[in-house]
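Below you'll find the structure, written out as structure tokens, and then a few comments.
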Amino acid sequence: MSDSKSGDDKTLHVPTKKTLTLKRSGNEQGTVRQNFSHGRSKAVVVETKKRKFSIPSERAPEAPPARPAAAQPAAPVARAPEAPRPAAPQPRPSAPSVASDLSNSEMDARRRALEDAREREAEDRARAEEDARRRAEEDARRARERAEAEKAAAEEARRLQVEAEAAQVAEEKGRVKRAPEAEAAKPVKAARAEAEDEGEDDKGRGGVKRGGPVKPEAAAPRPPARTKGDEGRRSGKLTLNRALNEDGESRGRSLSSMRRRQEKFKRSLVQEPREKIIREVVLPETISVQELAQRMAERAVDVVKFMMKQGQMIKPGDIIDADTAELIASEFGHTVKRVSESDVEDAIMNVEDKAADLKSRPPVVTIMG
Numbered sequence: 395m396s397d398s399k400s401g402d403d404k405t406l407h408v409p410t411k412k413t414l415t416l417k418r419s420g421n422e423q424g425t426v427r428q429n430f431s432h433g434r435s436k437a438v439v440v441e442t443k444k445r446k447f448s449i450p451s452e453r454a455p456e457a458p459p460a461r462p463a464a465a466q467p468a469a470p471v472a473r474a475p476e477a478p479r480p481a482a483p484q485p486r487p488s489a490p491s492v493a494s495d496l497s498n499s500e501m502d503a504r505r506r507a508l509e510d511a512r513e514r515e516a517e518d519r520a521r522a523e524e525d526a527r528r529r530a531e532e533d534a535r536r537a538r539e540r541a542e543a544e545k546a547a548a549e550e551a552r553r554l555q556v557e558a559e560a561a562q563v564a565e566e567k568g569r570v571k572r573a574p575e576a577e578a579a580k581p582v583k584a585a586r587a588e589a590e591d592e593g594e595d596d597k598g599r600g601g602v603k604r605g606g607p608v609k610p611e612a613a614a615p616r617p618p619a620r621t622k623g624d625e626g627r628r629s630g631k632l633t634l635n636r637a638l639n640e641d642g643e644s645r646g647r648s649l650s651s652m653r654r655r656q657e658k659f660k661r662s663l664v665q666e667p668r669e670k671i672i673r674e675v676v677l678p679e680t681i682s683v684q685e686l687a688q689r690m691a692e693r694a695v696d697v698v699k700f701m702m703k704q705g706q707m708i709k710p711g712d713i714i715d716a717d718t719a720e721l722i723a724s725e726f727g728h729t730v731k732r733v734s735e736s737d738v739e740d741a742i743m744n745v746e747d748k749a750a751d752l753k754s755r756p757p758v759v760t761i762m763g
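Position 314 of the sequence shown, counting from 1, maps to 708 under the numbering used here, and the rest follow consecutively.
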């Protein structure tokens, strides 16, 4: 409290306390930042206007009548002033709508986004329909190919069956056709085998040698028809083959053929040493080991082994000189005949002309100058 004294006014006054208030204007401003492509942005000031509507029926309440001033006492007493009444709260403005807060560019951006979403949805739907159509076509093509393959397999099986039946029928016809020929050839074969057996037996007794010409007409006479009274009589030599044939059984292998087979098997078991054949080997100035072995009729491996025993490691394709080839041929027991290229040329050039082979020709005249 402070005392203020003046000459005219001697009363004491208390200064009123000031309150802080926020002044709300009718217009509100805000800032909206727009983002564009390539990192650009722009700040836009948005102003929102609010209008107050007054109703005519509602009027402000009349002020109460002023009270008559009371008589001041002779000695006034200082008293504290009354605190100011708080102001009535103003009505809170309603929240602005979303559309009013958006600018034209934002509305365009949202509209474009919605249009893009619709376009993408339409493209996705068209793509899905195209995929479904393509899958349906692929399934139809596969089903068609499968049906064609099954049809081709059935036709191939039917064709093979027809060919097999035709081949079987042809085979039956051929068998029926060959049956008489086989029956007619049986007596000739039996007679020929019997003649061979008889010749083999005669050879063991010093008779006719095996391997002579056999005439089917003379060696295999047709047996005469046997009558009822001659059943017990037998003409000619009785052999095992004839006895089996007369009994009606099939003809088997003869004893002589079995004996020959056994002798051949015994000879195969006994390894007889091969007789050495002496050859005359023509040796040029140089020759390969393989060619030398061929001229000596020896194996190239044996020639290589012989040279390894001598301390030389060679291969069948290596070239050796005439002296080494002569040594190898001598070791294998062959004779050697050495020739050279000059000998071949002399043999070709030194050919004597016979007078009978010569033909006369006109002389050759040469004019000089």
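All C-beta atoms in this analysis are idealised placements derived from N, C-alpha and C, irrespective of residue type, glycine included.
query                                                                                                                                                                 : result
Measure the alpha-carbon distance for Ala543 versus Glu575 and round it to whole angstroms.                                                                           : 48 angstroms
Is DSSP giving Leu508 helix, strand or coil here?                                                                                                                     : helix
How many angstroms separate the CA atom of Ile672 from the CA atom of Gln688?                                                                                         : 14 angstroms
Tell me whether Lys567 sits in a helix, a strand or coil according to DSSP, three-state version.                                                                      : helix
Could you please give the first and the last residue of the uninterrupted beta strand (DSSP E) stretch that includes Lys699?                                          : Where Lys699 is concerned, there is no enclosing beta strand (DSSP E), although the alpha helix (DSSP H) it sits in stretches over Ala694 to Lys703.
Going by beta carbon distance, what residues of the same chain come within less than 6 angstroms of Ser499, once the five residues before and after it are set aside? : Gln428
Going by Cα to Cα distance, which pick from Glu674, Arg536, Gly568 and Glu657 is closest to Val733?                                                                   : Glu674
Does the beta-carbon of Val563 have 16 or more other beta-carbons within 10 angstroms, so that it is buried, or is it exposed?                                        : exposed
Could you please give the first and the last residue of the uninterrupted beta strand (DSSP E) stretch that includes Thr442?                                          : Ser435 to Lys443
Whole beta strand (DSSP E) runs in the stretch 660-685 with 3 or more residues, listed along the chain?                                                               : 674-677 and 680-682
Figure out for me which residue from Thr425, Ala719 and His432 has the closest Cα to the Cα of Val439.                                                                : Thr425
Would you mind reading off the limits of the alpha helix (DSSP H) that contains Thr718?                                                                               : Ala716 to Glu725
Can you grab the Cα-Cα spacing for the pair Ala468 / Leu406, in whole Å?                                                                                              : Per-residue confidence for Ala468 stands at a pLDDT of 49, beneath the threshold of 50, marking its modelled position as unreliable; the derived number appears in the next sentence. Their backbone Cα atoms lie some 15 angstroms apart in a straight line.
In angstroms with no decimal places, state the Cα-to-Cα distance between Ile714 and Lys731.                                                                           : 16 angstroms
For the stretch 715-727 against the stretch 739-750, are there 3 or more C-beta pairs whose distance is under 8 angstroms?                                            : no
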